[in-house]
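*Asks:*
Residue numbers (the numbering used here): 74 to 253.
1. Between residue 212 and residue 191, how many whole angstroms is the CB-CB distance? I'm expecting something under 8 Å.
2. Please classify residue 145 as buried or exposed, where buried requires at least 16 other C-beta atoms within 10 Å of its C-beta.
3. How big is the Cα-Cα spacing for residue 154 and residue 233?
4. For the beta strand (DSSP E) holding residue 144, just list the boundary residues, first then last.
5. What is the DSSP secondary structure of residue 183, counted as helix, strand or coil?
6. Between the Cα of residue 189 and those of 135, 236, 237 and 143, spot the shortest distance and give me the residue it belongs to.
7. Alpha carbon to alpha carbon, how far is residue 172 from residue 204?
8. For residue 255, which residues from the same chain have a beta carbon less than 6 Å from its beta carbon, with the 5 sequence-adjacent residues on both sides left out?
9. Using the Cα positions of residue 85 and residue 197, report the straight-line distance between them to the nearest angstrom.
10. Per DSSP, residue 229 forms a beta bridge with which residues?
11. Within the continuous beta strand (DSSP E) that includes residue 193, where are the two ends?
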């Protein structure tokens, strides 16, 4: 019996990877294949978004006047990338600044004056889902560290121009500040 146990144990250990060989994070299936919400890591290794960061519901926010914009249920502004309507152009280095808005289990929802018909999702290249509004993939900006902050609005970088989203699903043309 002890000999049989030794053979079974040796066979099981033979299938294990040696340190530094195979079974790296890069070999893991995409998060969508495992049912997990993917995460995006920002500059310095800080977590930009993860499973706990999925948008529960989109809502309307206002900052000092008629400039209504779309935010998530935690009052964090969401942005669109101009011209980013056929899938997501924000990949690789872009993800260090702009975190895709992932849907919660059961799918995204809207509240307030937002139109449910404009809400949707797309499949990203890694197989994960990303929330869209009026066909625009939605993102959080890494520089918005507090609810109501809109530092990503009218930001122009190597990926294009970023805007807050109006309740009608378009780029917001008015400058907005920080929510008090």
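Using N, Cα and C, we set each Cβ at its ideal position, and we do this for glycine too.
*Replies:* Let's see:
1. Position 139 of the chain shown holds residue 212. Position 118 of the chain shown holds residue 191. No, residue 212 and residue 191 are not in contact; Cβ-Cβ is about 16 Å, not under 8 Å.
2. Taking the first residue of the chain shown as 1, we reach residue 145 at position 72. Buried.
3. On the chain shown, position 81 is the one that residue 154 refers to. On the chain shown, position 160 is the one that residue 233 refers to. Going by C-alpha positions, residue 154 is about 7 Å away from residue 233.
4. Counted from its first residue, the chain shown places residue 144 at position 71. Looking at the DSSP string, the run of the beta strand (DSSP E) that includes residue 144 is 141-145.
5. Stepping through the chain shown from its first residue, residue 183 is reached at position 110. Of the three classes helix, strand and coil, the one that applies to residue 183 here is strand, per DSSP.
6. As a position in the chain shown, residue 189 is number 116, starting the count at 1. The shortest Cα separation from residue 189 among 135, 236, 237 and 143 belongs to 143.
7. The residue labelled residue 172 in the question sits at position 99 within the chain shown. The residue labelled residue 204 in the question sits at position 131 within the chain shown. Their backbone Cα atoms lie some 11 Å apart in a straight line.
8. No answer is possible for residue 255: the residues shown for the chain start at 74 and end at 253.
9. Here residue 85 corresponds to residue number 12 of the chain shown, with the count starting at 1. Here residue 197 corresponds to residue number 124 of the chain shown, with the count starting at 1. The predicted model places residue 85 with a pLDDT of 39, which falls under 50 and marks its position as unreliable, so this point remains unresolved.
10. To locate residue 229, count along the chain shown from 1; it is residue 156. In the DSSP output, where bridge partners are listed per residue, residue 229 has 234.
11. The residue given as residue 193 occupies position 120 in the chain shown. Counting along the chain, the beta strand (DSSP E) containing residue 193 begins and ends at 192-196.
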